[in-house]
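Taken in sequence, the protein lines are chains E and L. Under UniProt numbering, think of the first position of the first sequence as 1, with each following residue one higher. Under UniProt numbering, think of the first position of the second sequence as 1, with each following residue one higher. Positions of the beta carbon are idealized from the N, C-alpha and C atoms, including for glycine. Okay, structure first, notes after.
2 protein chains.
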Amino acid sequence: MLFFTQCFGAVLDLIHLRFQHYKAKRVFSAAGQLVCVVNPTHSLKYAASRCAAVQASTEQGILPPCHHHGEAVHDPQLVPCTCPLFSCPWEGHLEVVVSHLRQTHHINILQGAEIVFLATDMHLPAPTDWIIMHSCLGHQFLLVLRKQEKYEGHPQFFATMMLIGTPTQANNFTYRLELNRNQRRLKWEATPRSILECVDSVISDGDCLVLNTSLAQLFSDNGSLAIGIAITTSKVHSSEAEM
Amino acid sequence: MLFFTQCFGAVLDLIHLRFQHYKAKRVFSAAGQLVCVVNPTHSLKYAASRCAAVQASTEQGILPPCHHHGEAVHDPQLVPCTCPLFSCPWEGHLEVVVSHLRQTHHINILQGAEIVFLATDMHLPAPTDWIIMHSCLGHQFLLVLRKQEKYEGHPQFFATMMLIGTPTQANNFTYRLELNRNQRRLKWEATPRSILECVDSVISDGDCLVLNTSLAQLFSDNGSLAIGIAITTSKVHSSEAEM
């Protein structure tokens with residue numbers, strides 16, 4: 001009996017995901033984009049202790065381990081780096097971080113310059129991460145959506161794009177995140193950050209797309225948030241010149 | 001001597017404003033938009049007491065005075081409304097709210113569907129308001145930028161556009177606010193709210209453009225924030241259909 005109940009639950013979940021996928025596809029349909037359903041990947045259970053460590057080392061004038069900007073190394077693939085996920089102690093070279101993320105953290109990798117990231121279960125308590133890798137224009141990018149309580153009792157959503165490469169390589173690209181629902185539209189456009197910088201510091205600086213819970217709810221549909229993502233090569237370094 | 005010092009100060013202020021105006025114009029130059037320097041208009045010194053009054057009346061099931069949606073009145077100009085500014089006890093009809101804002105609060109009115117709002121002195125402590133009226137497409141709109149501490153000790157900036165008209169009239173328009181600086185771009189697009197709804201409730205709901213202080217600083221230049229504003233008539237009610 002329990003087996004049948006579980007099977008029925010699984011079928012219902014599949015129908016629900018399929019329905020969400022269909023709805024997100026309808027919203028972003030004109031662009032014919034790939035829709036990727038992203039479940040929360042990461043409980044950040046050691047977040048507080050790593051935060052404290054980063055804080056302490058910064059106060060002592062020591063760079064935290066993820067700040068190996070290392071442009072002096074000639075082959076960017078051999079720059080040492082840490083895993084961008086908060087609670088993971090892994091360290092290695094840039095060339096193997098993608099396989100580490102896929103194998104250890106089971107993070108999906110998607111192809112295409114324009115995709116739709118559909119984050120499910122937005123109601124889950126902070127801290128929670130939704131992460132995918134995105135392969136386009138000859139590089140791999142990491143999209144991180146994080147629910148975090150920067151101000152106690154007030155969770156916010158932070159979304160940023162990191163290049164799995166050096167800061168110099170990152171400067172060649174521009175990414176755009178777009179939310180569109182309920183007669184409201186929000187677009188954020190910036191240069192991706194290098195994975196050699198901390199995701200955590202990008203988020204704590206607030207230099208990314210930031211959503212209060214109320215706005216995230218307005219853009220959500222049935223507990224899922226669809227974010228349109230586009231990556232292009234930067235033609236000019238100053239986007240002001242484009243306006 | 002004091003007179004000369006004051007004169008010199010005034011000339012320096014003028015040069016500074018002119019320089020900011022020139023810089024904002026350069027950023028938004030391609031569109032040939034009108035740049036309007038907006039000084040803080042409003043100290044909100046009675047904010048706490050009015051907040052408390054609104055809170056109390058809502059808890060007692062009484063609508064606060066600014067919630068006269070009043071679509072039953074046939075001539076929209078005769079709908080009763082209150083002054084949208086926080087500390088002002090004025091009440092009157094929609095048809096005279098523009099002259100009240102101009103005469104009592106000295107709020108500028110600008111012409112044109114696309115303008116640049118250049119808010120000065122962003123460093124001033126919360127609560128602070130920057131307000132202009134904007135006349136286009138046969139209607140008057142009110143742009144409110146407010147610095148407010150929704151979470152104690154963490155001021156945020158909230159920007160919204162209100163139509164000086166009824167909610168039904170407001171549904172015919174779409175407004176866009178755009179920030180563009182330091183290789184970052186943020187766009188917010190929505191239907192304006194009617195001035196018959198509280199500006200305060202729009203801001204407390206967070207259903208507007210919200211900036212944390214760190215992001216506001218990234219978009220600011222020398223303490224001033226340039227916001228590109230565009231108003232259009234809504235062709236379709238659901239903006240999802242446009243994508």
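- Message: Taking the alpha-carbon of L:Ser-224 as reference, which of L:Val-96, L:Trp-130, L:Cys-136 has the nearest alpha-carbon?
- Response: By one-based count along the second sequence, residue 224 of chain L stands at place 224. For L:Ser-224, the nearest C-alpha among the options comes from L:Trp-130.
- Task: Classify E:Glu-152 as buried or exposed, calling it buried when 16 or more other Cβ atoms lie within 10 Å of its own Cβ.
- Result: Counted from its first residue, the first sequence places residue 152 of chain E at position 152. Counting other Cβ atoms within 10 Å of its Cβ, E:Glu-152 stays below 16 and is therefore classed as exposed.
- Query: What's the call for residue 244 of chain E, buried or exposed, on a 16-neighbour Cβ count within 10 Å?
  - Reply: The shown model of chain E, from 1 to 243, leaves out residue 244 of chain E, and the question about it has no answer.
- Between the Cα of L:Ser-204 and the Cα atoms of E:Val-202, E:Cys-208, E:Asp-200, E:Thr-213, which residue gives the shortest distance? One-based indexing of the second sequence puts residue 204 of chain L at position 204. It is E:Thr-213 whose Cα lies nearest to the Cα of L:Ser-204.
- DSSP on E:Asp-121, reduced to helix/strand/coil? To locate residue 121 of chain E, count along the first sequence from 1; it is residue 121. E:Asp-121: coil per DSSP, three-state reduction.
- For L:Asp-121, which option in L:Lys-150, L:Phe-157, L:Ala-113, L:His-134 has the closest C-alpha, if you only look at C-alpha atoms? The residue given as residue 121 of chain L occupies position 121 in the second sequence. Among L:Lys-150, L:Phe-157, L:Ala-113, L:His-134, the Cα nearest to that of L:Asp-121 is on L:Phe-157.
- Quick one: what's got a C-beta closer than 8 Å to E:Leu-110's C-beta in the same chain, skipping five residues either side? As a working mapping, residue 110 of chain E is identified with position 110 in the first sequence. Cβ contact annotation for E:Leu-110 (same chain, cutoff 8 Å, sequence separation greater than five): Leu-34, Cys-36, Ile-132, Met-133, His-134, Ser-135, in chain order.
- Task: Count the other C-beta atoms from every protein chain shown that fall within 10 angstroms of the C-beta of L:His-106, then say buried if there are 16 or more, exposed otherwise.
- Result: Within the second sequence, the letter at position 106 stands for residue 106 of chain L. The residue in question, L:His-106, is exposed, as its Cβ has fewer than 16 Cβ neighbours within 10 Å.
- 6 Å CB neighbourhood of E:Asn-108 in its chain, flanking five on each side removed: One-based indexing of the first sequence puts residue 108 of chain E at position 108. The answer, listed in chain order, is Ile-132.
- Query: If you draw a straight line from the C-alpha of E:Ser-194 to the C-alpha of E:Phe-141, how long is it?
  - Reply: Residue mapping note: residue 194 of chain E aligns to position 194 of the first sequence, counting from 1. Residue mapping note: residue 141 of chain E aligns to position 141 of the first sequence, counting from 1. Rounded to the nearest angstrom, the two C-alpha atoms are 9 Å apart.
- With DSSP collapsed to three states, give me the class of E:Ser-49. Locating residue 49 of chain E in the first sequence gives position 49, counting from the first residue. No answer about E:Ser-49 holds up, because its pLDDT of 36 lies below 50 and its placement is not dependable.
- Message: Taking DSSP's pairing of strands, which residues face L:Arg-146 in a bridge?
- Response: Position 146 of the second sequence holds residue 146 of chain L. In the DSSP output, where bridge partners are listed per residue, L:Arg-146 has L:Asp-129, L:Phe-158.
- Message: My output table needs one value for L:Asp-205: the three-state DSSP class, helix, strand or coil.
- Response: On the second sequence, residue 205 of chain L is found 205 positions in, with the first residue counted as 1. Of the three classes helix, strand and coil, the one that applies to L:Asp-205 here is helix, per DSSP.
- Query: Using the beta-carbon count (16 or more within 10 Å), is E:Glu-189 buried or exposed?
  - Reply: Start at 1 with the first residue of the first sequence, and residue 189 of chain E comes out as number 189. Counting Cβ neighbours within 10 Å, E:Glu-189 comes out buried, since at least 16 surround it.
- Per-residue contacts from E:Tyr-151 into chain L (C-beta, under 9 Å): Indexing the first sequence from 1 puts residue 151 of chain E at position 151. Residues of chain L with a Cβ closer than 9 Å to the Cβ of E:Tyr-151 are, in chain order, Lys-150, Tyr-151, Glu-152, Gly-153, His-154.
- Task: Please confirm if E:Gln-183 has its CB atom under 8 Å from at least one CB of chain L.
- Result: Walking along the first sequence from the start, residue 183 of chain E turns up at place 183. Closer than 8 Å to some Cβ of chain L, the Cβ of E:Gln-183 qualifies, so yes.
- Task: Could you have a look at E:Thr-104 and say whether DSSP puts it in helix, strand or coil?
- Result: Within the first sequence, numbered from 1, the residue matching residue 104 of chain E stands at position 104. Looking at E:Thr-104 - three-state DSSP - the assignment turns out to be helix.
- Whole-angstrom Cβ separation of E:Leu-209 and E:Ala-159, contact assumed at under 8 Å? Position 209 of the first sequence, counted from the first residue, corresponds to residue 209 of chain E. Position 159 of the first sequence, counted from the first residue, corresponds to residue 159 of chain E. About 4 Å separates the beta carbon of E:Leu-209 from that of E:Ala-159, a gap short enough to meet the 8 Å contact definition.
- Item | Coil, strand or helix - L:Val-79 by DSSP | For the purposes of this step, residue 79 of chain L is taken as the residue at position 79 of the second sequence. L:Val-79: coil per DSSP, three-state reduction.
- Query: Looking at the unbroken beta strand (DSSP E) that takes in L:Ser-224, where does it start and where does it end?
  - Reply: Numbered from its first residue, the second sequence carries residue 224 of chain L at position 224. Start and end: 224-233.
- Enumerate in chain order the residues of its own chain whose CB-to-CB distance from E:Leu-145 is below 6 Å, with the five nearest sequence positions on each side excluded. Taking the first residue of the first sequence as position 1, residue 145 of chain E is located at position 145. Within the same chain, E:Leu-145 has close Cβ partners Ala-119, Trp-130, Ala-159.
- Message: When you compare the CB of E:Glu-189 with every CB in chain L, is at least one pair closer than 8 Å?
- Response: Within the first sequence, the letter at position 189 stands for residue 189 of chain E. For E:Glu-189, the nearest CB of chain L lies under 8 Å from its own CB, placing it at the interface with that chain.
- Query: Is it true that the CB of E:Arg-176 sits closer than 8 Å to the CB of E:Ala-226?
  - Reply: Along the first sequence, read from residue 1 onward, the residue named residue 226 of chain E stands at position 226. Along the first sequence, read from residue 1 onward, the residue named residue 176 of chain E stands at position 176. With contacts defined by Cβ atoms closer than 8 Å, E:Ala-226 and E:Arg-176 do not form a contacting pair.
- Report all residues from its chain with a CB closer than 6 Å to the CB of L:Thr-232; omit the five preceding and five following residues, and keep chain order. If you number the second sequence from 1, residue 232 of chain L lands on position 232. Closer than 6 Å at the Cβ level, and outside the excluded window around L:Thr-232, lie Thr-174.
- Could you list the residues in the UniProt domain "Seven-in-absentia protein TRAF-like" (135-229) of chain L with a C-beta less than 7 Å from some C-beta on chain E, going in chain order? Under the 7 Å Cβ criterion, the UniProt domain "Seven-in-absentia protein TRAF-like" (135-229) of chain L contributes Tyr-151, His-154, Asn-180, Arg-181, Gln-183, Arg-184, Arg-185, Leu-186, Lys-187, Trp-188, Glu-189, Ala-190, Thr-191, Asp-205, Gly-206, Asp-207, Val-210, Asn-212, Ser-214, Leu-215, Leu-218.
- Message: Cutting at 7 Å between CB atoms, please list the residues of its own chain near L:Leu-101, excluding the five before and the five after it.
- Response: The residue given as residue 101 of chain L occupies position 101 in the second sequence. So the list reads Ile-107, Met-133, once near-sequence residues are dropped.
- Could you give the distance in angstroms between the alpha-carbon of E:Tyr-46 and the alpha-carbon of E:Leu-85? Taking the first sequence and counting its residues from 1, one reaches residue 46 of chain E at position 46. Taking the first sequence and counting its residues from 1, one reaches residue 85 of chain E at position 85. Any reading at E:Tyr-46 needs caution, since the residue's pLDDT is 39, under 50, leaving its predicted position unreliable; the model's value is listed next. In this structure, the CA atom of E:Tyr-46 is about 11 Å from the CA atom of E:Leu-85.
- Going by Cα to Cα distance, which pick from L:Pro-89, L:Gly-228, L:Gly-206, L:Ala-113 is closest to L:Thr-104? Taking the first residue of the second sequence as position 1, residue 104 of chain L is located at position 104. In terms of Cα proximity to L:Thr-104, the closest of L:Pro-89, L:Gly-228, L:Gly-206, L:Ala-113 is L:Pro-89.
- Task: Just grab the DSSP bridge partners of L:Ser-220 for me.
- Result: Within the second sequence, residue 220 of chain L is the residue found at index 220, counting from 1. Note: L:Ser-220 is bridge-paired with L:Leu-225 in the DSSP secondary-structure output.
- Message: Suppose you measure from the CA of L:Ser-29 to the CA of E:His-93; what does that come to, to the nearest Å?
- Response: Sequence index remark: in the second sequence, residue 29 of chain L carries index 29 (1-based). Sequence index remark: in the first sequence, residue 93 of chain E carries index 93 (1-based). With a pLDDT of 47 at L:Ser-29, under the threshold of 50, the modelled position of this residue cannot be trusted; read the value that follows with caution. Taking the straight line from one Cα to the other gives about 45 Å.
- Query: Taking the Cβ atom as the reference point for each residue, do L:Asn-182 and L:Leu-211 lie within a distance shorter than 8 Å?
  - Reply: In the second sequence, the residue the question calls residue 182 of chain L occupies position 182. In the second sequence, the residue the question calls residue 211 of chain L occupies position 211. Contact flag unset, no.
- Query: Helix or strand or just coil, what does DSSP make of E:Gln-169?
  - Reply: Along the first sequence, read from residue 1 onward, the residue named residue 169 of chain E stands at position 169. DSSP, read as helix, strand or coil, puts E:Gln-169 in helix.
- Taking 8 Å as the cut-off, decide whether the C-beta atoms of E:Ala-113 and E:Lys-147 are in contact. As a first step, residue 113 of chain E must be located in the first sequence, where it is residue number 113. As a first step, residue 147 of chain E must be located in the first sequence, where it is residue number 147. Against a cut-off of 8 Å, the Cβ pair of E:Lys-147 and E:Ala-113 comes out as no contact.
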